[in-house]
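Chemist:
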Amino acid sequence: MAEQAVKSTRRAYGEALLELGEREERVVVLDADLSKSTYTNLFAKRFPHRFFNMGISECKMICCAAGLATTGKIPFASSFAVFAAGRAWEMVRLSIGYTNLNVKIAASHAGISVGEDGPTHHCAEDIALMRVIPNMSVLVPADAIETRKMVFAAAEWEGPIYIRLGRPDIPILFDDSYRFQIGKAYVIKEGKDVSIFACGLMVWQAIEALELLEKEGIDAELVNVSTVKPLDEETILRSLSKTGCAVSVEEHNIIGGLGSAIAELIGEKLPAPLERVGIRDRFAESANWKELLKKYNLSPQDIRDSAIRALRRKVEKR
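Per this note's numbering, the very first residue in the sequence shown carries number 33; after that it's consecutive.
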């Protein structure tokens, strides 16, 4: 069996920007002195007149991106998630969200998979921070293929977008036939016993969890919720109405992220047992990213255990 191909979503983002720049002259790129890490240096080398290194000044970068959007440009502003979503939050809220400007924020090194960079650079709060801003769409690609398609879709979408990208190389799950659409979730595997809703690199972890559940005779449904906002309520409710219980899976604080979005939805429209897999309201430490996923209960085994708990609660509810 051939080894599965891997690529980071941040690298896929940089490569997609380069390709997009060839097709769309309105695209401009801004970075906060991290272009080698965000891979926007690929765009900078090919289109130096459309690239702006703003230095270590994320707030200025966001405001300049907003200004460029008012001239008809399509700005992609890039930095680490902890800076783009955290340090520059007020500017994102007022200069982009409030004004509803056509700016795309692509933030890499999100979550705890930043690994050895440690808690100062981990960002497990960015989905919550961006999701709460009116007009802002929030996208979290599961692999390199989805990232590329997401970048092109974002360029065509009118309005603010936050794209959450990761540092590590992760398996490529899809092929070029995969269709991505903003606002639509994608059912990777249909099932009848429990729904697993995942985003980002945790989709790969959830796929491995499916194998564990299958060995126990459990037929789980897996849905890639790569658009956290606007949430695909129709697909999520359809899945939940079939299975009767669910697990949310994210590399993010369980407060305010994908799990919260799903909990809000089912609490209002289809009450059912929900188990949330995520970072349980704490900071992680510096370590290898795969070790961190295990320590903070984000492994396939943890997803399996949460699915079992959701199934038990479903039975108790009857």
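Glycine included, C-beta positions come from ideal geometry on N, C-alpha and C.
Can the beta-carbon of SER273 be found less than 7 angstroms from the beta-carbon of GLY291?
Modeler: In this structure, GLY291 does not lie closer than 7 angstroms to SER273 by Cβ.
Chemist: Would you identify the three-state DSSP class for ILE128, choosing helix, strand or coil?
Modeler: Here ILE128 sits in helix by DSSP.
Chemist: Less than 7 angstroms between the beta carbons of ILE335 and VAL309, yes or no?
Modeler: Going by C-beta atoms, ILE335 is nearer than 7 angstroms to VAL309.
Chemist: Suppose the cutoff is 7 angstroms on Cβ atoms and the five residues either side in sequence are ignored; what does the same chain contact list for LEU50 look like?
Modeler: Hits under 7 angstroms: LEU74, PHE75, ARG78.
Chemist: CA-CA distance, ALA101 and ALA187?
Modeler: Going by the C-alpha atoms only, they are around 12 angstroms apart.
Chemist: Is the stretch 239-256 in contact with the stretch 184-198, if contact means three or more CB pairs nearer than 8 angstroms?
Modeler: Touching, no, given that fewer than three Cβ pairs across the two stretches are closer than 8 angstroms.
Chemist: For VAL170 versus ILE159, is the C-beta spacing smaller than 7 angstroms?
Modeler: For VAL170 and ILE159, yes; Cβs fall inside 7 angstroms.
Chemist: Taking 7 angstroms as the threshold (C-beta atoms), are SER140 and LEU197 in contact?
Modeler: Against a cut-off of 7 angstroms, the Cβ pair of SER140 and LEU197 comes out as a contact.
Chemist: Using a Cβ-Cβ cut-off of 7 angstroms (strictly less than) and excluding sequence neighbours within five positions of ALA304, which residues of its own chain qualify?
Modeler: Hits under 7 angstroms: LEU272, GLY276, CYS277, ALA278, ILE298.
Chemist: Between the alpha carbons of ARG119 and ILE88, how many angstroms are there, rounded?
Modeler: Using only the alpha carbons, I get a separation of about 11 angstroms.
Chemist: Quick one: grab the DSSP three-state call for LEU269.
Modeler: Three-state result, LEU269: helix.
Chemist: Quick one: which unbroken alpha helix (DSSP H) runs of 4-plus residues sit fully inside the stretch 69-131? Chain order, please.
Modeler: Whole alpha helix (DSSP H) segments, 4+ residues: 73-78, 90-102.
Chemist: I'd like the span of the beta strand (DSSP E) that includes GLU253, first residue to last.
Modeler: GLU253 -> beta strand (DSSP E) spans 252-256.
Chemist: In angstroms with no decimal places, state the Cα-to-Cα distance between GLU57 and ASP65.
Modeler: Rounded to whole angstroms, GLU57 to ASP65 spans 23 angstroms at the Cα level.
Chemist: Report the rounded CA-to-CA distance for LEU231 versus LEU330, giving the unit in angstroms.
Modeler: Looking at the sequence itself, residue 231 is Cys, so the reference to Leu does not match. Taking the straight line from one Cα to the other gives about 12 angstroms.
Chemist: Assign GLN237 to buried or exposed, taking buried as 16 or more other Cβ atoms, counted over all protein chains shown, within 10 Å of its Cβ.
Modeler: With 16 or more Cβ atoms within 10 Å of its Cβ, GLN237 is classed as buried.
Chemist: Do you know how far the Cα of ASP201 is from the Cα of MET33?
Modeler: A caution first: MET33 carries a pLDDT of 36, below 50, which makes its placement in the model unreliable, though a value can still be read off. Cα-Cα distance, rounded: 20 angstroms.
Chemist: Tell me the DSSP secondary structure of GLY147 in three-state form.
Modeler: Three-state DSSP puts GLY147 in a helix.
Chemist: If we ignore side chains and look at the alpha-carbon of each, how far apart do GLY215 and SER318 end up?
Modeler: Each residue's alpha carbon lies about 34 angstroms from the other.
Chemist: Apart from the five residues just before and just after VAL219, which ones in its own chain have a Cβ nearer than 6 angstroms to its Cβ?
Modeler: Taken in chain order, the residues that qualify are VAL255.
Chemist: With a threshold of 8 angstroms on Cβ separation, who are the neighbours of ILE94 within its own chain once the five nearest residues in sequence on each side are excluded?
Modeler: So the list reads ALA109, ALA116, ALA120, MET123, VAL124, SER127, ILE128, VAL135, ILE137, once near-sequence residues are dropped.
Chemist: Closer than 8 angstroms by C-beta to LEU306: which residues in its own chain qualify, once you throw out the five before and the five after it? Chain order, please.
Modeler: Within the same chain, LEU306 has close Cβ partners CYS277, ALA278, VAL279, SER280, GLY291, ILE294, ALA295, ILE298, ALA342.
Chemist: Could you give the residue range of the alpha helix (DSSP H) that holds ARG199?
Modeler: Note, ARG199: premise wrong, no alpha helix (DSSP H); not H, not E.
Chemist: Verify the CB distance criterion: does ALA116 have a CB-CB separation below 7 angstroms to chain B?
Modeler: The structure shown contains no chain B, having only a single protein chain.
Chemist: Just the Cα atoms here: how many angstroms apart are LEU242 and TYR130?
Modeler: One C-alpha to the other measures close to 41 angstroms.
Chemist: For GLU90, which residues in the same chain have their Cβ closer than 7 angstroms to its Cβ, ignoring the five residues on either side in sequence?
Modeler: ALA64, SER111, PHE115, ALA116, ARG119, ALA120.
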